[in-house]
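I have placed the structure first, in the form of structure tokens, so that the comments after it can refer back to it.
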Amino acid sequence: MISQRRPLHFLFICSLIFVLFSFFIGPAAAAFSGAGNGTPSDPYQITTIAQLDEVRHNLSASYILMNDLDFSGSNLSWEPIGEADVDSKSGQLSGLFSGQFDGNGKTIRNLSVSYPERSGAGLFGHVGQRGEITNLTLDNVTISAQSSAGSLAGQNDGIIRNCSAVHVAAEAFNDLGGLVGVNNGFISNCFATGHLSGGNMIGGLVGINCGVVNESYASFSICGTGYDAGGLVGYNFKGRIWDCYSFGSVSSNSIVGGLAGGNYEGIIDRCYAVGTVYATRDYAGGLVGLNQGYLKDSYALTESVDVGTDYSSEYAQQKSIGKIAGVNDDYCTGFIFWCYYWDEMTTNEKFRKDGDNEVTLSVSSKDVWGTAGQHFYWNAFGVPWELKDFADYPLPVFEWQEEPPGDVSYLNPDNSMEKPKKLPGFELAAGIFVGIGVVLFIYRKR
Numbered sequence: 001m002i003s004q005r006r007p008l009h010f011l012f013i014c015s016l017i018f019v020l021f022s023f024f025i026g027p028a029a030a031a032f033s034g035a036g037n038g039t040p041s042d043p044y045q046i047t048t049i050a051q052l053d054e055v056r057h058n059l060s061a062s063y064i065l066m067n068d069l070d071f072s073g074s075n076l077s078w079e080p081i082g083e084a085d086v087d088s089k090s091g092q093l094s095g096l097f098s099g100q101f102d103g104n105g106k107t108i109r110n111l112s113v114s115y116p117e118r119s120g121a122g123l124f125g126h127v128g129q130r131g132e133i134t135n136l137t138l139d140n141v142t143i144s145a146q147s148s149a150g151s152l153a154g155q156n157d158g159i160i161r162n163c164s165a166v167h168v169a170a171e172a173f174n175d176l177g178g179l180v181g182v183n184n185g186f187i188s189n190c191f192a193t194g195h196l197s198g199g200n201m202i203g204g205l206v207g208i209n210c211g212v213v214n215e216s217y218a219s220f221s222i223c224g225t226g227y228d229a230g231g232l233v234g235y236n237f238k239g240r241i242w243d244c245y246s247f248g249s250v251s252s253n254s255i256v257g258g259l260a261g262g263n264y265e266g267i268i269d270r271c272y273a274v275g276t277v278y279a280t281r282d283y284a285g286g287l288v289g290l291n292q293g294y295l296k297d298s299y300a301l302t303e304s305v306d307v308g309t310d311y312s313s314e315y316a317q318q319k320s321i322g323k324i325a326g327v328n329d330d331y332c333t334g335f336i337f338w339c340y341y342w343d344e345m346t347t348n349e350k351f352r353k354d355g356d357n358e359v360t361l362s363v364s365s366k367d368v369w370g371t372a373g374q375h376f377y378w379n380a381f382g383v384p385w386e387l388k389d390f391a392d393y394p395l396p397v398f399e400w401q402e403e404p405p406g407d408v409s410y411l412n413p414d415n416s417m418e419k420p421k422k423l424p425g426f427e428l429a430a431g432i433f434v435g436i437g438v439v440l441f442i443y444r445k446r
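Just so we're aligned: 103 in UniProt numbering is position 103 of the sequence shown, and the numbers increase by one with no gaps anywhere.
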């Protein structure tokens, strides 16, 4: 009898072990339908939108995009890849994209993400610390989300290199960026262009930056209704930004800057901004609206910096406007070194009180990129900048750029703003109204 019961007992134990193993380990990742085995040396090869969607089933694998993809005609709202889940007991995050995604120089077009009541919107929802996205272009992206929204990723804790997003139209209440909503990782050699609208912490490239952004640029019109809006980064908290620039118009309620809205214990180095800045209420600056960090070797070529006039005269005296920083808060470690502003920049002077203008030097736009010793890094060995001449307009761009950004707010080299000058290969598009009665002339690449 004993010998006859052992097989049943043995089968029961094996079944129990299998059930427990499945419970703790979870279901196996669904098989990828394309070529490759998902390793860095032999990544899964994506050739269709359906295969792109399969990435979410194995978030730690390696992928490569083999051809362009076009979402037009699909009538589908994309579900972001990698959405963070928080364990209620341990507090650990899961569900993040922690693999490698190589765009292989290809383009994904006409992506639409509608997350009006959720956060983490983009092609990817949340990229983990081990995640890496490279060599990808997004073209014609529309996004609607509650917060943490960007065309490429809602949040990045990993590495993003050589990626771009053009013709972006996005809106979110908080944490909105043209490329990434919230960056805690590393972003390099990236750019984004388009239009953003929303509430707080809006930036042409990144909404909130607590990581590193370098050798990147943004060309945007940005319309916010809250605080911390910037041409490149909306809210820079202990982040590092260097060798970057921004073009376009930035308007919001408070803490508005041509490059960054607020710089809080962060470092901004070797950057410049071109365009217009407007704060409905207060804190408007050519480079940053509020500086509580470090600004170094940077330029504000902003055409105008203004604050609203629809407040009582008593309140108006408390407004802060500056050609470099609306407020440089040295009580909170705000420091500015070797920064310059365009001497023809217009401001509504009567409201200026705490704005930081006098600690910097005034230079003309035609001489700003001169060969004086303090400007050597624009053409120095070992830096990414190259001073190129576009229709007698010297403009520092990155070595890998053949021309200025597709949409640029153009600053005339002769300090005249009466008539914008046309760049070769560009045509004058319709003026973009920023809600302040001012038309910003935009040149669009043919």
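Just so you know, even glycine gets a beta-carbon here, dropped at the ideal spot from N, CA and C.
Rounded Cβ spacing between residue i and residue j (contact assumed at less than 8 Å)
{"i": "Ser216", "j": "Ile187", "result": "6 Å"}
{"i": "Pro80", "j": "Gly128", "result": "That belief does not hold up - the Cβ atoms of Pro80 and Gly128 are roughly 13 Å apart, past 8 Å."}
{"i": "Trp230", "j": "Asn200", "result": "The identity of residue 230 in the sequence shown is Gly, whereas the question assumes Trp. Not confirmed; about 12 Å, so no contact."}
{"i": "Ile267", "j": "Ala260", "result": "No, Ile267 and Ala260 are not in contact; Cβ-Cβ is about 11 Å, not under 8 Å."}
{"i": "Asn183", "j": "Cys163", "result": "In fact, because the Cβ distance is near 12 Å, the residues do not count as touching under 8 Å."}
{"i": "Tyr341", "j": "Ala279", "result": "Contact flag wrong, Cβ pair sits at about 17 Å."}
{"i": "Phe247", "j": "Val213", "result": "Actually they are not in contact, since the Cβ atoms of Phe247 and Val213 sit about 16 Å apart, beyond 8 Å."}
{"i": "Gly224", "j": "Val180", "result": "About 17 Å; that fails the 8 Å criterion."}
{"i": "Leu290", "j": "Gly322", "result": "Actually they are not in contact, since the Cβ atoms of Leu290 and Gly322 sit about 10 Å apart, beyond 8 Å."}
{"i": "Ile222", "j": "Ile202", "result": "6 Å"}
{"i": "Gly194", "j": "Gly178", "result": "6 Å"}
Contacting residues, own chain, Cβ-Cβ under 6 Å from residue i (five flanking each side not counted)
{"i": "Val277", "result": "Val250, Val256, Gly258, Ala284, Thr302, Val305"}
{"i": "Gly103", "result": "Leu65, Asn135, Leu136"}
{"i": "Leu69", "result": "Ile49, Ile108"}
{"i": "Ala30", "result": "His57"}
{"i": "Thr347", "result": "Val305, Ile321"}
{"i": "Asn140", "result": "Arg109, Asn110, His167"}
{"i": "Leu295", "result": "Ile268, Ile336, Cys339"}
{"i": "Phe101", "result": "Tyr63, Ile133"}
{"i": "Glu171", "result": "Ser144, Ser197, Gly198"}
Three-state secondary structure (DSSP) of residue i
{"i": "Glu83", "result": "coil"}
{"i": "Ile267", "result": "strand"}
{"i": "Ala218", "result": "strand"}
{"i": "Asp282", "result": "strand"}
{"i": "Asp297", "result": "coil"}
{"i": "Asp53", "result": "helix"}
{"i": "Gly73", "result": "coil"}
{"i": "Pro116", "result": "strand"}
{"i": "Gly185", "result": "coil"}
{"i": "Asn67", "result": "coil"}
{"i": "Leu232", "result": "coil"}
{"i": "Met201", "result": "strand"}
{"i": "Thr225", "result": "coil"}
{"i": "Gln129", "result": "coil"}
{"i": "Trp385", "result": "strand"}
{"i": "Leu138", "result": "strand"}
{"i": "Ile324", "result": "coil"}
Distance between residue j and residue i (C-alpha atoms, nearest Å)
{"i": "Leu76", "j": "Phe335", "result": "48 Å"}
{"i": "Lys238", "j": "Gly73", "result": "43 Å"}
{"i": "Ser197", "j": "Tyr272", "result": "22 Å"}
{"i": "Arg352", "j": "Leu205", "result": "Note on Arg352: pLDDT 44, under 50, position unreliable in the model; no value is reported."}
{"i": "Gly95", "j": "Asn58", "result": "10 Å"}
{"i": "His126", "j": "Ala153", "result": "6 Å"}
{"i": "Ala169", "j": "Glu132", "result": "24 Å"}
{"i": "Asn236", "j": "Leu111", "result": "28 Å"}
{"i": "Thr39", "j": "Ser62", "result": "5 Å"}
{"i": "Ser298", "j": "Leu287", "result": "8 Å"}
{"i": "Tyr44", "j": "Ala35", "result": "6 Å"}
{"i": "Glu265", "j": "Asn37", "result": "44 Å"}
{"i": "Gly82", "j": "Met345", "result": "44 Å"}
{"i": "Tyr245", "j": "Ser60", "result": "33 Å"}
{"i": "Gly234", "j": "Gly185", "result": "16 Å"}
{"i": "Phe191", "j": "Asp228", "result": "20 Å"}
{"i": "Ala165", "j": "Leu232", "result": "13 Å"}
Same chain, Cβ closer than 8 Å to residue i, five either side skipped, listed in chain order
{"i": "Ser33", "result": "Ala50, Gln51, Glu54"}
{"i": "Ala84", "result": "Leu93, Ser94, Gly95, Leu96, Gly120, Gly125, His126, Gln155"}
{"i": "Ile71", "result": "Residue identity check: residue 71 is Phe in the sequence provided, not Ile. Counting only Cβ-Cβ distances below 8 Å, and skipping sequence neighbours, we find Ile49, Trp78, Ile108, Arg109, Asn110, Leu111, Ser112."}
Contacts around residue i, its chain only, beta-carbon distance under 7 Å, and the 5 residues preceding and following it disregarded
{"i": "Asn67", "result": "Thr47, Lys106"}
{"i": "Arg130", "result": "Ser98, Gly158"}
{"i": "Arg270", "result": "Trp242, Asp243, Asp297, Ser298, Tyr377"}
{"i": "Asn328", "result": "Asn291, Gly334, Ile336, Asp356"}
{"i": "Gln374", "result": "Only weak support exists for where Gln374 lies, its pLDDT of 42 falling under 50; the value from the coordinates is given anyway. So the list reads Trp338, once near-sequence residues are dropped."}
{"i": "Phe24", "result": "Confidence is the limiting factor: at Phe24 the pLDDT is only 43, short of 50, which leaves the residue's position unreliable, though a coordinate-based value still follows. Once the five neighbours on either side are set aside, Phe24 has no close Cβ partner at all."}
{"i": "Arg161", "result": "Thr134, Ser188, Asn189"}
Validate contact between the stretch 102-119 and the stretch 137-152 using beta carbons, cut 8 Å, 3 pairs: yes
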